[in-house]
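Asker:
Numbering (the numbering used here), first residue to last: 124 to 943.
(1) Whole angstroms are fine: how far does the CA of residue 478 sit from the CA of residue 880?
(2) Tell me the residue span of the alpha helix (DSSP H) that contains residue 359.
(3) Report buried or exposed for residue 183, applying the criterion of at least 16 other Cβ atoms within 10 angstroms of its Cβ.
(4) Between which two residues does the beta strand (DSSP E) carrying residue 290 extend?
(5) Taking Cβ positions, are residue 826 and residue 715 nearer each other than 9 Å?
(6) Note down the Cα distance separating residue 914 from residue 707, rounded to an integer number of angstroms.
(7) State the start and end residues of the unbroken beta strand (DSSP E) segment that holds residue 165.
(8) Could you pull out every unbroken beta strand (DSSP E) segment of at least 3 residues lying fully inside the segment 219-279, listed in chain order?
(9) Helix, strand or coil, according to DSSP, for residue 660 in the structure here?
(10) Going by DSSP, what residues sit across from residue 772 in a beta bridge?
(11) Suppose contacts are defined by Cβ-Cβ distances below 9 Å. Is residue 339 in contact with residue 173 by that definition?
(12) Comparing alpha-carbon positions, which option in 871, 883, 899 lies nearest residue 864?
(13) Counting Cβ pairs closer than 8 Å, one from the segment 480-498 and one from the segment 452-472, do we hit at least three?
(14) In chain order, which beta strand (DSSP E) runs of at least 3 residues are fully inside the segment 439-474?
(15) What's the C-alpha gap between residue 325 and residue 188?
(16) Looking at C-beta atoms only, is the number of pairs between the segment 504-521 and the segment 555-568 that lie closer than 8 Å three or more?
(17) Determine, using beta-carbon pairs with one atom in the segment 643-654 and one in the segment 679-691, whether at least three such pairs fall under 8 Å.
(18) Can you name the start and end residues of the beta strand (DSSP E) that residue 154 belongs to?
(19) Just how far apart, CA to CA, sit residue 588 and residue 291?
(20) Tell me which same chain residues have a C-beta within less than 6 Å of the C-beta of residue 408, skipping the five on either side of it?
(21) Counting along the chain, where does the beta strand (DSSP E) carrying residue 522 start and finish?
(22) Residue 501 and residue 557 - do their beta-carbons sit closer together than 9 Å?
(23) Can you check whether the CB of residue 353 is closer than 9 Å to the CB of residue 728?
(24) Taking the C-alpha atoms as reference points, what is the distance between residue 637 and residue 649?
(25) Would you mind sorting residue 933 into buried or exposed? The rule is 16 or more other CB atoms within 10 Å of its CB.
(26) Could you tell me if residue 548 is buried or exposed, where buried requires 16 or more neighbouring beta carbons within 10 angstroms of its beta carbon?
(27) Assuming residue 738 contacts residue 752 under a Cβ cut-off of 8 Å, what Cβ separation, rounded to an integer in Å, is found between them?
(28) Indicate the three-state DSSP secondary structure (helix, strand or coil) for residue 710 in the structure shown.
(29) If you draw a straight line from the C-alpha of residue 641 to the C-alpha of residue 685, how long is it?
(30) Comparing alpha-carbon positions, which option in 617, 758, 486, 925 lies nearest residue 602?
(31) Shortest alpha-carbon distance to residue 733 belongs to which of 722, 743, 742?
(32) Starting from the N-terminal side, write out each stretch of the beta strand (DSSP E) that is 3 residues or longer and does not extend beyond the segment 607-673.
(33) If I follow the unbroken beta strand (DSSP E) through residue 802, where does it start and stop?
(34) For residue 491, which of helix, strand or coil comes out of DSSP?
(35) Kindly list the residues whose CB is nearer than 6 Å to the CB of residue 646, restricted to its own chain and excluding five residues on each side of it in sequence; keep chain order.
(36) With a threshold of 16 other CB atoms inside 10 Å of the CB of residue 741, please say whether the residue is buried or exposed.
Written out as structure tokens, the structure reads:
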């Protein structure tokens, strides 16, 4: 097999004794042919460079699935210096060694940021379903102590992704984006959608893809982590806003089997006074597996679909519903897509027409995945989704299996034909294509309702499609919970800020007395895990309880006044108190390329102790979250209730047979507070210097939570759903010891009028030296906007109870200065 090495790929662009004809300067960069290899280096912005390498004489046409940006008109220079050629914009320099082929990326000050490894790009001939093409790879060189982040949602528990190998093929619990960013302030996007290996070891850092007509990557320099995120979104798409109601609490289960059961859950939450904004209807509302994903209510348990949706809405809640990337053979979608050769033939879920596990393959389901790369197939998908569900007023889409499920994998499965070539060629971009199809169609259909999609897989660029990606069907365990913190942070660092998890883990059967008897909610081992996962979920972009083999609703865990029930209710209520802060953060994500979940390295890059910290993070700009990620009251290892152990021997038992655990005892957690600022305990207002590790006393009802000095934190009212009460009487907490600012954002809470400037902002500025708070002039307006309101100003102090009032300000839109 012939392997073409890159020793000369980027060499001799211009060298000693060479003429200017050795390269061509184009409008956006340079192009040259060296040793039968065509190299193009193009500026997309002053900060972003695209590099492509292909074989001379090989024709190919590539339209990126992820990149939506067109090259800007960038001013740049090309000059010679000895054996080097230098391309220089105002922000970035690309230096090519014409003897070794090594390419260096430098900041405008000349500091080296990143190196392409000389002689490392290879093209290996590959037959892709009858198409002669190549496998491609390229290696790079990182500094020995350089931390890198990204690659997607990885269940490896690592923050920095150095010293590992990852085989990148989308699956249920690992979502991949072929992108990483460095603590040095740059990012690299490898624009390839086929199965890809990422390797980082002592020999270098490498992307190797199974199929590629060319090597194609983008180097971007943002200066810091936020800058790189901004560049990635500039390249692959901005993040649209979600409605306010999506940031409330969501309840789900696998699965509610009748519309009365689903509506009954919402009613029960309302009766208990526990906040809830969303309910999720899982699969089989369409009937049996042969009618899989029919997008219509054929199950007798759902006799009146319009009443079903209306009943949820009349309880001031919203509903999203399960839809899939595959169809059963008795659905009209299947028949149409089959006739048009728009289905792929490989094993997917469900494999059997009968329910139950393992699948009874005497009755194959015949379910097949559709081709979302085909525009006509996406049109057909939306037609039935619109007519069957969107027309009823369903509020959003739970797009399950968007990786998609690929079972009993055979090599020839990847030969399946898609609109863009083999399935192998575009494998990892499947979620991007199928989610994008729904988003694009709904945006064309209506601007009255913002698109909201909950989905199980993601790829680079998917942030532009109004989707929140969850981390898949995890097992319920402490290890799984711990892994979600770095998984969400690394996903955020790829440019997609919207991440969530199944609170409690999906598969909880190990905690039942028998596998599916649903008793886990009374098992103290699961109760402790569930509460800590719930507390972590408060500080993710979507707070959603879901799973199988047991019921997850709060009332199955006990009743008011009992520690576990109260801890769950407390976490949900905390989420609602923070909604004004969260919704403003959502605006900053859209308007300023901010992020919800922020790895500590984003805000404290000079503190090397946080570079690889995988158990704490910032939520927005102000809150440091240190979730309790280990068991304090029960064993982490599953202990059967009839085992005699030191933990439960001779102890009291519940009526279900589980050990009685005193969850009211005080425990403690260790928290690291990054240096460079002062920190306040959210619960007590106790003040700490940064750069130290402290011990925080906790109970089952406490999550360690700290506020950065200089923060201005709006606290919302106690409500049962997000829009129950206008924010006309907000508490504004000031955390002194540093100057601070906060711009409070409001709009109509749904629709896309904000894109037309229909919203308002109110700036707050804290001057710490003068101890004054300036509430600035309101900018903008929208229908229903409050013109008069009250701000209750609180200066955080350990000498006063949290929330003790300092000043009451009546605000009508003009500037007000408050002395505290």
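Quick reminder that beta carbons are idealized off the backbone N, C-alpha and C, glycines included. Here the structure is a predicted model, which is why all the values come from computation and not from measurement.
Answerer: Well, looking at it:
(1) 50 Å
(2) 348-359
(3) exposed
(4) 287-291
(5) no
(6) 16 Å
(7) 160-166
(8) 226-230, 235-239, 245-251, 254-264, 271-276
(9) helix
(10) The partner list for residue 772 (beta bridge, DSSP) is empty, contrary to what the question assumes.
(11) yes
(12) 899
(13) yes
(14) 441-446
(15) 32 Å
(16) yes
(17) yes
(18) 152-157
(19) 22 Å
(20) 420, 422, 425
(21) 519-522
(22) yes
(23) no
(24) 14 Å
(25) exposed
(26) buried
(27) 6 Å
(28) helix
(29) 20 Å
(30) 758
(31) 722
(32) 666-668
(33) 801-804
(34) strand
(35) 634, 781
(36) buried
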